[in-house]
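Working notes, beginning with the structure itself.
Protein chains: 2
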Amino acid sequence: MAEPIDFYFDFSSPYSYLLSEKIDDLAARFGRKVRWHPILLGIVFKTTGSAPLTLQFPAKAEYSVLDFGRSARFMGLPYRHPDKFPIATQNAARAYYWLHGRDCALARRFAHAIFRALFVNNQDVSAPDTVLDIAAELGIERGELEAGLQSAEMKDRLKQEVDAALALGVFGAPYVLIDGQPFFGADRLPQIEQWLATGGF
Amino acid sequence: MAEPIDFYFDFSSPYSYLLSEKIDDLAARFGRKVRWHPILLGIVFKTTGSAPLTLQFPAKAEYSVLDFGRSARFMGLPYRHPDKFPIATQNAARAYYWLHGRDCALARRFAHAIFRALFVNNQDVSAPDTVLDIAAELGIERGELEAGLQSAEMKDRLKQEVDAALALGVFGAPYVLIDGQPFFGADRLPQIEQWLATGGF
Numbered sequence: 000m001a002e003p004i005d006f007y008f009d010f011s012s013p014y015s016y017l018l019s020e021k022i023d024d025l026a027a028r029f030g031r032k033v034r035w036h037p038i039l040l041g042i043v044f045k046t047t048g049s050a051p052l053t054l055q056f057p058a059k060a061e062y063s064v065l066d067f068g069r070s071a072r073f074m075g076l077p078y079r080h081p082d083k084f085p086i087a088t089q090n091a092a093r094a095y096y097w098l099h100g101r102d103c104a105l106a107r108r109f110a111h112a113i114f115r116a117l118f119v120n121n122q123d124v125s126a127p128d129t130v131l132d133i134a135a136e137l138g139i140e141r142g143e144l145e146a147g148l149q150s151a152e153m154k155d156r157l158k159q160e161v162d163a164a165l166a167l168g169v170f171g172a173p174y175v176l177i178d179g180q181p182f183f184g185a186d187r188l189p190q191i192e193q194w195l196a197t198g199g200f
Numbered sequence: 000m001a002e003p004i005d006f007y008f009d010f011s012s013p014y015s016y017l018l019s020e021k022i023d024d025l026a027a028r029f030g031r032k033v034r035w036h037p038i039l040l041g042i043v044f045k046t047t048g049s050a051p052l053t054l055q056f057p058a059k060a061e062y063s064v065l066d067f068g069r070s071a072r073f074m075g076l077p078y079r080h081p082d083k084f085p086i087a088t089q090n091a092a093r094a095y096y097w098l099h100g101r102d103c104a105l106a107r108r109f110a111h112a113i114f115r116a117l118f119v120n121n122q123d124v125s126a127p128d129t130v131l132d133i134a135a136e137l138g139i140e141r142g143e144l145e146a147g148l149q150s151a152e153m154k155d156r157l158k159q160e161v162d163a164a165l166a167l168g169v170f171g172a173p174y175v176l177i178d179g180q181p182f183f184g185a186d187r188l189p190q191i192e193q194w195l196a197t198g199g200f
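Protein sequence lines correspond, in order, to chains A and B. Residue numbering for the first sequence follows numbering that gives the first Met the number 0, starting at 0 and increasing by one per position. Residue numbering for the second sequence follows numbering that gives the first Met the number 0, starting at 0 and increasing by one per position.
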């Protein structure tokens, strides 16, 4: 069986949300699994001296918000730009890794729920309580997850994931690695498909 | 007849080259003409506080060069990353506007020749002599064009085009405006096609 694909993202990245809705099904069509890696773009941008699209100069910020919604419609996905944006996502990311250690499939459902809460339902998923609420709807015991979020183990885990991504050259999100070949951006989906279909071009 | 599409680009922009090979034929399928506007990204970046992709941090620079060639192959176009890159393009841009005032179709052929000289044949098209050589191959009288390049009129014209682009919100290249709707990047080609086909989505 072919190696899994690696998918690096931040829960606060609109284009990551768009790709998250497509990447598993696409990979499955070519017999591939996807490893999801939530990371923190804030740390990545600090390291590279970059900034979120909407906090750059006004013309780019304005275009970006237009393009988030238009790209979503083009891909057949719902999108509502969040009132609070961008947001901190360390609680959602730590919750993901904590869940992943217990139940991979549940962690994946949780990740989709976080993305949709933020980019469809305009919920502020930076708040620990909102993360716990969303997890509770999936049947996850609130107290256990809350302890997980605050544990040194999950803080270290997230830090290691961000460091590992930076070491691999990840400079933004979404960022996909297929057999060592990097693809940056949801708009590279057609190239990802071609690459999976042909093994390179 | 529908309004022309506006295509803003810098001759030193790889993604502009890629789009330049596709935009006229695509627009023609929907009964549209394209107005080409060479501009100077150096001035745009200075205004917005941005920088060329390959002069940003190393991970992004390295990825960008990989993506230029891969995107070209994906689009079925030749690409050889120039040894000297990025380059100044005011001579090529002024020559374009000078020619356009005399023969629109010839100006278009000249623009394609400049892009291909730089991105296929690794020629340094920043040099006035190279611009004049490329024009000469298209039957353009060298002395006349040389005088045009140095004229205050063409210097003013290019400055006005850059100022007009900035006023419209152009912050990078390629940048396409269709009935007021902006599209940034060669990777928005599928969305441009959909927009032309449906009048919006």
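Beta carbons are placed, not taken as given, at the ideal position from N, Cα and C, and that holds for glycine. Everything numeric in this text was worked out from a predicted model, so none of it was measured.
Given residue i as reference, the closest of the options once Cα atoms are compared
i         : options                                      : result
B/Thr-46  : B/Ala-92, B/Ala-166 and B/Ala-112            : B/Ala-166
B/Ala-185 : B/Ala-1, B/Pro-3, B/Tyr-7 and B/Glu-2        : B/Tyr-7
A/Leu-188 : B/Phe-73, B/Glu-61 and B/Lys-32              : B/Phe-73
A/Ile-22  : A/Lys-154, A/Leu-52 and A/Leu-195            : A/Leu-195
B/Phe-170 : A/Ser-49, A/Gly-171 and A/Ala-58             : A/Ala-58
B/Ser-70  : B/Lys-32, B/Ala-87, B/Leu-17 and B/Ala-112   : B/Leu-17
A/Lys-83  : A/Asp-24, A/Asn-120 and A/Trp-35             : A/Asn-120
B/Arg-156 : B/Ala-94, B/Val-33 and B/Pro-85              : B/Ala-94
B/Gly-138 : B/Gln-193, B/Leu-105 and B/Lys-154           : B/Leu-105
B/Tyr-96  : B/Phe-200, B/Glu-145 and B/Leu-76            : B/Glu-145
B/Leu-176 : B/Glu-140, B/Gly-199, B/Thr-88 and B/Ala-151 : B/Gly-199
A/Cys-103 : A/Lys-158, A/Val-33 and A/Asp-9              : A/Val-33
A/Trp-35  : A/Ser-49, A/Arg-107, A/Arg-28 and A/Gly-142  : A/Arg-107
B/Thr-88  : B/Asp-9, B/Gly-147 and B/Gly-168             : B/Asp-9
A/Leu-148 : A/Gly-30, A/Gly-100 and A/Gln-190            : A/Gly-100
B/Leu-54  : A/Thr-53, A/Glu-152 and A/Ser-49             : A/Ser-49
Where residue i meets chain A, residues with beta-carbon distance less than 8 Å
i         : result
B/Pro-181 : Tyr-62 and Leu-65
B/Arg-72  : Phe-200
B/Phe-56  : Thr-47, Gly-48, Ser-49 and Phe-170
B/Asp-186 : Gly-184, Asp-186 and Arg-187
Residue i and residue j closer than 9 Å at C-beta
i         : j         : result
B/Phe-67  : B/Pro-13  : yes
B/Leu-98  : B/Phe-109 : yes
A/Asp-123 : A/Leu-131 : no
B/Asn-90  : B/Ala-126 : yes
B/Leu-39  : B/Pro-51  : no
A/Ala-92  : A/Pro-181 : no
B/Pro-201 : B/Ser-11  : Absent from the model: residue 201 of chain B. The displayed extent of chain B is 0 to 200, so no value can be given.
A/Leu-25  : A/Glu-192 : yes
B/Glu-20  : B/His-80  : no
The beta strand (DSSP E) enclosing residue i, as first and last residue numbers
i         : result
A/Ile-133 : No beta strand (DSSP E) contains A/Ile-133, which is instead part of the alpha helix (DSSP H) from 127-136.
A/Arg-34  : 33-37
A/Phe-182 : 180-183
B/Asp-5   : 4-8
A/Val-175 : 174-177
Rounded distance between the beta-carbons of residue j and residue i, thought under 8 Å
i         : j         : result
B/Asp-178 : B/Glu-2   : 6 Å
B/Ser-15  : B/Ala-163 : Not quite, the Cβ-Cβ distance comes to about 17 Å (not below 8 Å), so this is no contact.
A/Ile-42  : A/Val-161 : 5 Å
B/Tyr-62  : A/Phe-183 : 6 Å
Where the alpha helix (DSSP H) containing residue i begins and where it ends
i         : result
A/Pro-189 : 188-197
B/Phe-205 : What is shown of chain B runs 0 to 200, which leaves residue 205 of chain B out entirely.
A/Ile-22  : 22-28
A/Ala-60  : 57-73
A/Asp-162 : 151-167
A/Ser-15  : 13-19
B/Phe-114 : 103-118
A/Tyr-96  : 89-99
Proximal residues of chain B, C-beta to C-beta of residue i below 8 Å
i         : result
A/Arg-69  : Gln-190 and Phe-200
A/Lys-154 : Here the premise fails: no neighbours, minimum Cβ distance about 25 Å.
Within chain A, partners of residue i - CB distance below 7 Å
i         : result
B/Gln-193 : Phe-73
B/Lys-83  : Ordered by position in chain A, no residue passes the 7 Å Cβ test against B/Lys-83, which lies about 25 Å from the chain.
Proximal chain D residues relative to residue i, where beta-carbon distance stays under 8 Å
i        : result
A/Lys-21 : This model lacks chain D altogether, as its protein chains are A and B.
Under 7 Å by beta carbon: chain B residues contacting residue i
i         : result
A/Lys-32  : Within chain B, no residue comes near A/Lys-32; the closest Cβ sits about 24 Å away, beyond 7 Å.
A/Lys-158 : Simply none; closest approach about 19 Å.
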